[in-house]
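Each remark here refers to the structure printed beneath this line.
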Amino acid sequence: MTTELAGLTSAVAVARIRLRQDADLTEPSDPEEPTRIEIAGRTLSVPARGGGARTALRLLARADCAEADLVRTVREHDGDLAVLRWQALVFKLDGAGLLEHAIGQAGDIIARLRPTGTGPVARATPVGRDVMVKLSRFAVLRADKGALTLAVPFGNARVDLCREGLAVAGTLTDWTNPEAVAAAVPGLTTSVAAAILGLLSAAGALAPGGPDHDDESTDYQLAQWSVHDLWLHARSRSPGLQSGYGGSYPLADRFPPLPAVPPRRPGRRLALAAPDLDQTARADPPLTAVLENRRSVREHYDDAPITADQLAELLYRAARTRRTFRGTDGQEVADRPYPSGGSLHALEIYPLINRCDGIPGGLWHYASADHELEAVSDPSPATAALVAAARASSVMSADPQVVLIVTARFGRAMWKYATIAYSLVLKDVGALYQTIYLVASAMGLAVCGLGGGDAATFAAAAGLDPRSEGSVGEMTIGSRSDQLSSGG
Ligand SMILES: Cc1cc2nc3c(=O)[nH]c(=O)nc-3n(C[C@H](O)[C@H](O)[C@H](O)COP(=O)(O)O)c2cc1C
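This note's numbering numbers the first residue of the sequence shown as 3 and each following residue consecutively.
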């Protein structure tokens, strides 16, 4: 972001504008037709009347421009009256979030406001010299394509910062004002500080309130949010705030999609009995009875532990892969009893057997397309820690007979979705939880969903990289002392 500013050598604030860099400008061959600006799949018609206005738009699309230079170009070609039309157009482009604003000092751009969404952006005006400001506690600074960029959740723009621009951000951990900021950053004038703070304000990166009412910590609706949760919420629920919402296939040109069914694990396998669904349909209690009697049950009946056939029936009815097929985008998708966003079915189930009649203890993987168990690990300190954590989490008086650990093969969702992938995975977990709750309840088994788990311990137990396939849910399953027979 160290764009040289020709002829700029002093420490005077310089403001530049340009069309946002992710926009495409198309000039019509017929000068009577409007110029088109395409941005994130949206096309806007811009009435650039006159050769001067069209030239100025072209300059704006190419590089940082001084507004005075653009005005001069328009005046020279189209006359004084056209200047007013041009200024109105710039005002409109700015309000629509189509312009980047750059602040320079001593030869370089040091801060740049970059609209990121499709909505309007607040106008970037310098902050008053003695106005108290602070960085929002939700602001995040990260490296992106050669720039350090600062943004907040629900912000419609980001601010790229370098050199003194970055030093300005460093002064904003507590309430301050442009004069104090300038005094704290060597070589920075108050007017440059005020202008950079104006960019941060337009991006929504300054905290609301002031020293006497720090809204982000005193107002419940702001204080309740952790930085990470608000980012996930904003990113997964704001189609207008960023490009790439929905199925945008961010990785499709670099990586092949993962298959719907993971590769077979080498080693021991255990065939599972498949229930006769006609018979279970006849024997099951009615749906309303299952729903009305469903409970989280945190006690297992160790005198008669859950059997291999019961676990097999539960997995078959709730989570087997009924078929796989190719989606219209070429990605393999799957059909299971529970629903999944995009039919992607990123979830896998790892039964951790502590006490089950017919299945040796240890960690297994449910090969849902084959309806078999694949051995993952014998009992180990890591599997013991997972059992202990599930017991503590569900406040059980003894170890659970079985813990179903749910993982996500993240690449299944992230190959197709950029901004909603993780939230979709969690929604799938909810759909799977309820399906297991209902089938287990219909079968008279004890079941309890868990809200927390330890992805690192599971990764150690399973030998998986948690960024590739990580645990995202857990349920305890066991027999019940008040065993309800199917249909009872
Ligand atoms: C997403 C989710 C997370 C849960 N986490 C836990 C948990 O960590 N420990 C626990 O004992 N129960 C947990 N439960 C069970 C709830 O406590 C239970 O559903 C709630 O108390 C209502 O009781 P009911 O399921 O019998 O209707 C969880 C349930 C769900 C759906």
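All C-beta atoms in this analysis are idealised placements derived from N, C-alpha and C, irrespective of residue type, glycine included. Predicted, not measured: the structure shown is a model, and the values here were computed from it.
Between F156 and the rest of its own chain, which residues show a CB-CB distance below 6 Å, the 5 nearest in sequence each way excluded? Annotation for F156: A236 place their beta carbon closer than 6 Å to its own, counting only its chain and skipping 5 residues before and after.
Would you list the one or two residues that DSSP bridges to G212? Looking at the DSSP assignment, G212 forms a beta bridge with H215.
Any idea what DSSP makes of Q107, helix, strand or coil? Under the three-state reduction of DSSP output, Q107 falls in the strand class.
Taking buried to mean at least 16 other C-beta atoms within 10 Å of its own C-beta, is D467 buried or exposed? Answer is exposed; the Cβ neighbour count stays below 16.
DSSP bridge partner residues for D66 (one or two, in chain order): None; D66 has no bridge partner.
Regarding S395 and ligand 1, is the C-beta to nearest heavy atom distance less than 7 Å? Shortest gap from the CB of S395 to any heavy atom of ligand 1: under 7 Å.
May I ask you to report which of helix, strand or coil DSSP gives I355? In the displayed model, I355 falls within a strand according to three-state DSSP.
Tell me whether the stretch 437-451 and the stretch 365-381 touch, counting them as touching only if at least three CB pairs, one residue from each stretch, are closer than 8 Å. No: the two stretches stay apart, fewer than three of their Cβ pairs being nearer than 8 Å.
Tell me whether S298, by its Cβ, gets closer than 7 Å to a heavy atom of ligand 1. Correct: S298 has its Cβ closer than 7 Å to ligand 1.
Between C493 and ligand 1, is there a pair consisting of the residue's CB and a ligand heavy atom that are separated by less than 7 Å? Because the chain spans 3 through 490 in this model, residue 493 falls outside it and cannot be assessed.
According to DSSP, C164 sits in a beta bridge with which residue or residues? DSSP lists no partner for C164.
Please confirm whether any heavy atom of ligand 1 lies closer than 7 Å to the CB of G480. For ligand 1, not one heavy atom lies less than 7 Å from the Cβ of G480.
Heavy atom of ligand 1 less than 7 Å from the Cβ of G472, yes or no? No, ligand 1 has no heavy atom inside 7 Å of this Cβ.
Are there three or more Cβ pairs, one per stretch, closer than 8 Å when the stretch 52-67 is compared with the stretch 21-35? The stretch 21-35 and the stretch 52-67 touch, with three or more beta-carbon pairs separated by less than 8 Å.
Report the CB separation of Y419 from G249 in whole angstroms; it is logged as a contact under 8 Å. About 6 Å; that satisfies the 8 Å criterion.
Report all residues from its chain with a CB closer than 6 Å to the CB of Q485; omit the five preceding and five following residues, and keep chain order. Reliability fails at Q485, whose pLDDT of 49 lies under 50, so the model's placement of it is uncertain and the value that follows must be treated cautiously. Apart from sequence neighbours up to five positions away, the residues of its chain that approach Q485 with a beta-carbon distance below 6 Å are G446, ordered along the chain.
Looking at C-beta atoms only, is the number of pairs between the stretch 172-189 and the stretch 119-133 that lie closer than 8 Å three or more? Flag = yes, the stretch 172-189 and the stretch 119-133 touch.
Could you pull the start and end residues of the alpha helix (DSSP H) that G200 belongs to? Residues T192 to A204.
If you draw a straight line from the C-alpha of D216 to the C-alpha of G329, how long is it? In a straight line, the C-alpha of D216 is about 50 Å away from that of G329.
Return the CA-CA distance between I438 and G432, expressed in angstroms with no decimal places. Distance between I438 and G432, taken at the CA atoms: about 10 Å.
From the DSSP output, read off the bridge partner residues of G480. In the DSSP assignment, G480 is bridged to A448.
Boundaries (first-last residue) of the alpha helix (DSSP H) holding D82: From DSSP, the alpha helix (DSSP H) with D82 extends over D82 to G97.
Does G413 come out as helix, strand or coil in the three-state DSSP assignment? The answer is helix: DSSP assigns G413 an H, G or I state.
Own chain partners of Y251 with C-beta closer than 8 Å, once the 5 adjacent residues on each side are dropped: The residues are D331, W417 and K418.
Mind checking whether Y352 and I407 have CB atoms under 8 Å apart? Yes, the Cβ-Cβ distance between Y352 and I407 is below 8 Å.
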